[in-house]
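Asks: In the numbering used here, the protein residues as written are 12 to 167. Every residue, glycine too, gets a C-beta built ideally from N, C-alpha and C. I'd like to ask you about the structure that follows.
Structure below.
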């Protein structure tokens, strides 16, 4: 029995098949990328989530360390620090620090002279500035309740 082999005998894809597949993948990526960025925490929602997380860290530290704990947020740069103390002459202890993912479209406002400071005490109270995160016409207001220290976010 004789076998007839056509072509080169090497398995593979033609150039046109590869180009078509890459074009389809490129179109799919272009369509899904904006939605994926929002899902992964981009934009104002991601900044709001990070501020609320810092507040949660401070609230928990105040309760576990039995010390006043503050979130210091520099509104112009998005840099923040979560610090415990100082008490009885001690130096403040930095628990966490970071920088929010600000873009030219995302602005932080509120606070006083470029800073927003919110302090949580061991008894479950909070005091401090409201923080506003805005992107275009969308504005989020972040505040800690003075009596319960619960953090709330409202869209305006």
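Find the nearest neighbour of residue 71 within the set 86, 85, 95, 167, judged by alpha-carbon distance.
Replies: It is 95 whose Cα lies nearest to the Cα of residue 71.
Asks: Between the Cα of residue 80 and those of 38, 117, 134, 22, spot the shortest distance and give me the residue it belongs to.
Replies: Out of 38, 117, 134, 22, 134 has the C-alpha closest to the C-alpha of residue 80.
Asks: Nearest CA to the CA of residue 137: which residue from 114, 74, 117, 144?
Replies: That would be 74, whose Cα lies nearest to the Cα of residue 137.
Asks: For a test of the three-state rule: what should DSSP assign to residue 114, helix, strand or coil?
Replies: Here residue 114 sits in coil by DSSP.
Asks: Could you tell me if residue 93 is buried or exposed, where buried requires 16 or more neighbouring beta carbons within 10 angstroms of its beta carbon?
Replies: So residue 93 counts as buried.
Asks: Just how far apart, CA to CA, sit residue 26 and residue 34?
Replies: Near 12 Å, if we compare the C-alpha coordinates of residue 34 and residue 26.
Asks: For residue 36, count neighbouring C-beta atoms within 10 Å of its own C-beta (all shown protein chains included) and say buried if the count is 16 or more, exposed if not.
Replies: That one is exposed.
Asks: What separation, rounded to the nearest whole angstrom, lies between the Cα atoms of residue 31 and residue 40?
Replies: Approximately 14 Å between the Cα atoms of the pair.
Asks: Could you check where the alpha helix (DSSP H) with residue 57 kicks off and where it finishes?
Replies: 54-76 is the extent of the alpha helix (DSSP H) around residue 57.
Asks: Might you give, ordered along the chain, the residues of its own chain that have their beta carbon closer than 6 Å to the beta carbon of residue 65, omitting 5 neighbours on each side?
Replies: For residue 65, where only same-chain residues beyond five positions count, the Cβ hits under 6 Å are 82, 91, 93.
Asks: Going along the chain, which residues of its own chain have a beta-carbon closer than 7 Å to the beta-carbon of residue 146, five neighbours each way excluded?
Replies: Correct list, in chain order: 54, 55, 116, 117.
Asks: Where does the unbroken beta strand (DSSP E) through residue 151 begin, and where does it stop?
Replies: Segment 149-155, the beta strand (DSSP E) holding residue 151.
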